[in-house]
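No gaps in the numbering here: position 340 of the sequence shown is 340 in full-length UniProt numbering, and each next residue is one more. Even for Gly, the Cβ is constructed at its ideal location relative to N, Cα and C.
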Amino acid sequence: MSTAKLTIDLDALVTNWRSLDAKTNCETAAVVKANGYGIDAGRAGKALAVAGARNFFVAAAEEGIALRRAIGEGPGISVFSGHMEGDTKLLKEFQLTPMLNSLDQLLRHFEALPGHPFGIQLDTGMNRLGMEAGEWAAVAEIALSQRPVLLMSHLACADEPDHPMNAQQLKVFHELTDGIEVPRSLAATGGLLLGQKYHFDLCRPGIGLYGGAPFTEAMPVVTVDLPVIQVRDVVEGETVGYSNTWTAKRPSRIATVAAGYADGLIRAMGSGGIQAFSGQTPCPIVGRVSMDLITVDVTDLEVVPDTLGLLTETQTVDVVAEAAGTIGYEILTSLGQRYARTYKG
Ligand SMILES: *Cc1c(COP(=O)(O)O)cnc(C)c1O
1 MSTAKLTIDL DALVTNWRSL DAKTNCETAA VVKANGYGID AGRAGKALAV AGARNFFVAA
61 AEEGIALRRA IGEGPGISVF SGHMEGDTKL LKEFQLTPML NSLDQLLRHF EALPGHPFGI
121 QLDTGMNRLG MEAGEWAAVA EIALSQRPVL LMSHLACADE PDHPMNAQQL KVFHELTDGI
181 EVPRSLAATG GLLLGQKYHF DLCRPGIGLY GGAPFTEAMP VVTVDLPVIQ VRDVVEGETV
241 GYSNTWTAKR PSRIATVAAG YADGLIRAMG SGGIQAFSGQ TPCPIVGRVS MDLITVDVTD
301 LEVVPDTLGL LTETQTVDVV AEAAGTIGYE ILTSLGQRYA RTYKG
């Protein structure tokens with residue numbers, strides 16, 4: 001079989017959730033948007049619900065369908081994009097809690113689903129989602145009379161602990177919410193790691209659960225192994241791959257492995273710093289990453305194995321992301337549908 005293998009360690013996911021939870025005295029929810037950062041929102045949600053997670057967050061109402069089916073009736077599912085036109089039926093049928101972002105959404109919600117749980121998202125400076133201070137001042141009284149279940153906001157720079165934006169947003173969040181008897185949430189993974197001042201009543205980590213920075217103690221959740229399709233010898237001076245970007249400086253053995261940029265192993269990765277692994281032994285990726293294939297210099301291996309590791313315990317999504325000039329989030333959510341997926345735990 002020439003399909004690359006993606007192994008997802010649900011026990012590691014649960015361990016990461018527990019480790020993050022242990023850093024706080026508040027509730028720890030789980031963000032499973034974008035199909036659980038690419039690993040499967042249903043399976044991730046189920047594993048975390050069994051471990052004790054009581055609240056989940058998705059980006060759009062549609063993402064709540066599969067999640068609700070997987071985790072059953074009990075846990076809460078909240079929707080960051082709020083109550084959009086056309087969402088009413090889904091919110092009701094799948095018991096999803098919209099985080100209302102504007103006066104328009106508030107009116108839509110109260111009219112379409114009176115009595116249905118909702119939260120309020122406030123903008124504290126990121127200028128992406130949520131009500132601005134003025135808007136909130138105008139609607140707070142009427143919104144609070146309908147008993148929101150959560151007041152939330154999101155930090156723009158929480159992955160940089162020393163960034164002044166963190167304290168600034170914290171201050172604004174206090175100004176907008178102090179004295180209101182509704183549970184509050186400000187922190188995702190980065191904010192959770194900033195310490196207790198940022199925790200309020202509920203933290204909402206995403207990337208840390210899946211093994212990504214800035215949660216440096218995370219256990220890796222995703223590993224990728226690529227089947228070796230063919231091995232060939234090249235003489236000194238021969239080139240490998242598109243545009244002849246690599247030239248053998250010595251007689252070399254080249255393994256061609258199955259997976260490429262169509263599998264989220266983005267082309268920029270080929271520009272250096274990333275290896276394929278035979279056990280612990282690194283083998284340089286040579287030549288361009290193509291759509292379905294990568295070429296690897298295996299000259300120094302005594303035996304070429306059936307598969308080479310690309311995402312491993314040490315070469316994590318963050319290492320690959322750094323080499324490709326992106327972030328772990330993008331590598332994870334780009335991995336795509338072509339893999340043979342195995343779930344552990
Ligand atoms: C994506 C997201 C999160 C989770 O962020 P991580 O950095 O992955 O922990 C939390 N809250 C909001 C509003 C988000 O958009």
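Inclusion of Ile294 and Val257 in the CB contact set at 8 angstroms is warranted, their separation being smaller than that value. Here Asn55 is bridged, per DSSP, to Gly76. Shown here for Asp225: same chain residues with a beta carbon closer than 6 angstroms to its own, the five before and five after excluded, namely Lys5, Thr307 and Gly309 in chain order. Here DSSP, grouped into helix, strand and coil, assigns Tyr329 to helix.
With 16 or more other CB atoms across the displayed protein chains lying within 10 angstroms of its CB, Asp123 is buried. For the 8 angstroms CB-CB criterion, Leu202 and Pro183 form a contact. Contact between Arg250 and Glu236 is confirmed by a C-beta separation of about 6 angstroms, below the 8 angstroms threshold. Leu176 and Leu107 have their C-alpha atoms roughly 20 angstroms apart.
Contact annotation: Leu113 and Tyr210 have beta-carbon atoms that are not nearer than 8 angstroms. About 7 angstroms separates the Cβ atoms of Pro227 and Met1, confirming a contact at the 8 angstroms cut-off. Under the 8 angstroms Cβ criterion, the region 212-219 counts as touching the region 327-345, having at least three qualifying pairs. In summary, Ser78 is buried, with 16 or more beta-carbon neighbours lying within 10 Å of its beta-carbon over all protein chains present. In the DSSP assignment, Thr15 falls within the alpha helix (DSSP H) that extends over Leu10 to Ala22.
Taken atom to atom, the span from the alpha-carbon of Pro117 to that of Gly287 is near 54 angstroms. Under DSSP, Leu202 forms a beta bridge with Glu27. Annotated three-state conformation of Lys92 is helix, per DSSP. Secondary structure note for Val317: its alpha helix (DSSP H) is the uninterrupted segment Val317 to Ala324. Pro98 carries a strand assignment under DSSP once its states are collapsed to helix, strand and coil. Between the alpha carbons of Thr189 and Asp162 lies a gap of roughly 15 angstroms.
At least one heavy atom of ligand 1 lies less than 7 angstroms from the C-beta of Ala188.
Ranked by how close their Cα comes to the Cα of Ser278, the residues Leu151, Gly36, Thr314 and Met126 have Thr314 in first place. By the Cβ neighbour-count rule, Asp300 is exposed, with fewer than 16 other Cβ atoms within 10 Å of its own.
Of the candidates Leu144, Gly134, Pro164 and Asn127, Leu144 places its Cα closest to the Cα of Ile120. Just so you know, the alpha carbons of Ala262 and Gly38 end up roughly 14 angstroms apart. Under DSSP, Ser81 shares a beta bridge with no residue. At a cut-off of 7 angstroms, the beta-carbon of Ile207 counts as near ligand 1: some heavy atom of the ligand is closer than that. Closest by C-alpha distance to Glu238, out of Val231, Ala248 and Gln230, is Ala248.
Closest option to Asp11, judged by alpha-carbon separation, among Thr3, Leu48, Gly36 and Gly191: Leu48. The Cβ atoms of Lys197 and Leu170 sit closer than 8 angstroms to each other.
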